[in-house]
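A short worksheet on the structure shown next.
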Amino acid sequence: MDTTDFIENINIVPKDWSEDNSIIKVIGVGGGGCNAVSYMFRQNISGCSFIVCNTDAQALKKSPVPFKVQLGAGLGAGCDPIKGRNAAIEAQDEIARKVLDNNTQMLFITAGMGGGTGTGAAPVIAEMAKKRNILTVAIVTLPFKNEGNESLSKAIDGIHELEKSVDSLLIINNEKLYQYYGDLLVQDAFPKADEILATAVRGIIEIIQKPGYINVDFADVKTMMKNSGMALMGCGTGTGEHRIEDAISQALESPLLNDFDLKSAKNVLINITIGKNEKGLSMKGLDEINNKIKEYTGNANNFKRGIIFDEDPEIGDRINITAIATGFKMSQLSNITDVSLGNLIVIDNTYDGKRVIKDEMELSEATARKVGPTNASNIRKFDFSKREKPVLLVSPQQNISVLEEESARARAIRKMSESADTQDSH
Numbered sequence: 068m069d070t071t072d073f074i075e076n077i078n079i080v081p082k083d084w085s086e087d088n089s090i091i092k093v094i095g096v097g098g099g100g101c102n103a104v105s106y107m108f109r110q111n112i113s114g115c116s117f118i119v120c121n122t123d124a125q126a127l128k129k130s131p132v133p134f135k136v137q138l139g140a141g142l143g144a145g146c147d148p149i150k151g152r153n154a155a156i157e158a159q160d161e162i163a164r165k166v167l168d169n170n171t172q173m174l175f176i177t178a179g180m181g182g183g184t185g186t187g188a189a190p191v192i193a194e195m196a197k198k199r200n201i202l203t204v205a206i207v208t209l210p211f212k213n214e215g216n217e218s219l220s221k222a223i224d225g226i227h228e229l230e231k232s233v234d235s236l237l238i239i240n241n242e243k244l245y246q247y248y249g250d251l252l253v254q255d256a257f258p259k260a261d262e263i264l265a266t267a268v269r270g271i272i273e274i275i276q277k278p279g280y281i282n283v284d285f286a287d288v289k290t291m292m293k294n295s296g297m298a299l300m301g302c303g304t305g306t307g308e309h310r311i312e313d314a315i316s317q318a319l320e321s322p323l324l325n326d327f328d329l330k331s332a333k334n335v336l337i338n339i340t341i342g343k344n345e346k347g348l349s350m351k352g353l354d355e356i357n358n359k360i361k362e363y364t365g366n367a368n369n370f371k372r373g374i375i376f377d378e379d380p381e382i383g384d385r386i387n388i389t390a391i392a393t394g395f396k397m398s399q400l401s402n403i404t405d406v407s408l409g410n411l412i413v414i415d416n417t418y419d420g421k422r423v424i425k426d427e428m429e430l431s432e433a434t435a436r437k438v439g440p441t442n443a444s445n446i447r448k449f450d451f452s453k454r455e456k457p458v459l460l461v462s463p464q465q466n467i468s469v470l471e472e473e474s475a476r477a478r479a480i481r482k483m484s485e486s487a488d489t490q491d492s493h
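Using our numbering, the first residue of the sequence shown is number 68, and each one after it goes up by one.
Structure (structure tokens):
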């Protein structure tokens, strides 16, 4: 091994790592989550501890993050969420000892939804944190449309599982990133998801950790995010003559916001970071910020504003604005709930469950499309269009006349009787 390889593969561990008592932990789960946390680690985000957790031992080895938790035998999950879930369950004691039972009061879980490890293991870790009353925020990505319906199906199921245990859920739509950064080269575009995940984590941590003139502390963030459902976040920066307009428009028109109407938020937290110098912010400027923010957010039930003075001389006239809005329902997320060609519920004999077909297709194609198994209870989470009635499709071999003529109870009794007759004949 030459010197370059040695340096690239060495992990520099802080001397007091084993005694680290940070109340905020950030854990990356699976390939996407680990990539994001590795990016954050390289950005030197302070005020928290980083952990990477994966079923792929080779991927773990490549991460610069010194604190690692291997799930399973280290051979990966093969895009199977069940394998990811089982591997996390087997490693619960290690996860608890290294991550959760070490003065942890807030946990960020980052993961890419749609694969095996992140989709399957992240909900297990969230459930463990919930049992310990740890404030848990999951920041996850949805797959690109061109990754196929199977990935989106797994992602939706994984997100519904996460919903059961996390206090707050931020969903980053990769398709939205494509719209914003479609002209970038591939090697420049893919890191944007990691950058946005890091921005979200950094923004919340700085609100908690940095003292301010109008202070927002951990208790405020906990009030905002505890049992708050889906959250949205935006960050913006501005300099020069139009710095206020630029910072607000960036923050409140961010890809993180998924085109939501912020007026429907229950809680809104705005944090403003400015320089403590002659180029700082006047009272008139502060009033301008308040008025412009109200144009976006309306009158939320709970509105909290914080101001932090950054004493770094390099900040100059720069103004940073971080906006967090909570209290949304996942059914409002257009990428999941929009059905462009009617509302199709497919009942297929292959799977014991229901599935919402997501993308455009002819009705004749729908019976042949298999998006993957899902829990039937998840169907309740989707909002259907009021303009179009749902369409019931069945597999070709299903006798629809039986469905029309028999009640569900009568059909169940008939099937039980048929099953008993079959057993008697043997």
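Every residue, glycine too, gets a C-beta built ideally from N, C-alpha and C.
Residue i: first and last residue of the uninterrupted alpha helix (DSSP H) it sits in
i	result
VAL288	285 to 292
ASN169	Taken as a continuous stretch (DSSP letters only), ASN169 belongs to no alpha helix (DSSP H), as it is neither H nor E.
SER235	No alpha helix (DSSP H) contains SER235, which is instead part of the beta strand (DSSP E) from 235 to 240.
PHE108	97 to 109
THR364	350 to 364
LYS129	124 to 129
Status (buried if at least 16 other CB within 10 Å, exposed otherwise) for residue i
i	result
MET195	buried
PRO210	buried
VAL413	Bear in mind that the predicted position of VAL413 carries a pLDDT of just 32, short of 50, making it unreliable; the figure below should be weighed with that in mind. Under this definition VAL413 is a buried residue.
ILE162	buried
LYS128	exposed
VAL166	buried
ARG269	buried
Beta-carbon proximity of residue i to residue j, cut-off 7 Å
i	j	result
LYS351	ILE315	no
SER331	SER235	no
ILE239	ILE263	yes
GLY303	LYS346	no
VAL104	GLY95	yes
ASP261	ASN102	yes
PRO131	PHE108	yes
LEU329	THR290	no
Neighbourhood of residue i by C-beta, 7 Å cutoff - its chain only, sequence neighbours within 5 removed
i	result
THR171	ILE90, LYS92 and ILE201
ILE281	ARG372, GLY373 and ILE374
VAL283	ILE274, LEU336, ASN338, LYS371 and GLY373
ALA222	MET180, GLY181, THR186, LEU209 and PRO210
ILE149	GLY187
CYS146	GLY182 and GLY183
Cutoff 8 Å; reference residue i; Cβ partners in own chain excluding five residues on either side
i	result
GLU355	ILE311
ARG152	GLY187, ALA188, PRO190 and VAL191
GLU214	GLY181
Same chain, Cβ closer than 6 Å to residue i, neighbours up to 5 away in sequence not counted
i	result
GLY143	THR122 and ASP123
ILE494	There is simply no residue 494 to check, as the chain begins at 68 and stops at 493 in what is shown.
ILE206	THR177, LEU237, LEU264 and ALA267
LYS343	PHE376 and GLU378
VAL233	ALA193, THR203 and ALA205
GLY114	ILE272 and GLN276
LEU251	none
ALA155	LEU138, ALA188 and VAL191
Element boundaries [beta strand (DSSP E), containing residue i]
i	result
ASP328	Premise fails: ASP328 is in no beta strand (DSSP E) and is neither H nor E.
ARG152	Counting along the chain, ARG152 falls outside any beta strand (DSSP E), though it belongs to the alpha helix (DSSP H) covering 148 to 157.
ALA116	It should be noted that the sequence gives Ser, not Ala, for residue 116. Start and end: 116 to 121.
ALA318	Per DSSP, ALA318 belongs to no beta strand (DSSP E); it is in the alpha helix (DSSP H), 310 to 319.
ASP379	No beta strand (DSSP E) holds ASP379; DSSP gives it neither H nor E.
ALA390	386 to 395
THR304	296 to 305
CB contact below 7 Å: residue i versus chain C
i	result
GLN172	No chain C is present in this structure, which holds just one protein chain.
*asked:* If we require 4 or more residues per run, which alpha helix (DSSP H) segments fall completely within the segment 169 to 233?
replied: 184 to 198 and 216 to 230
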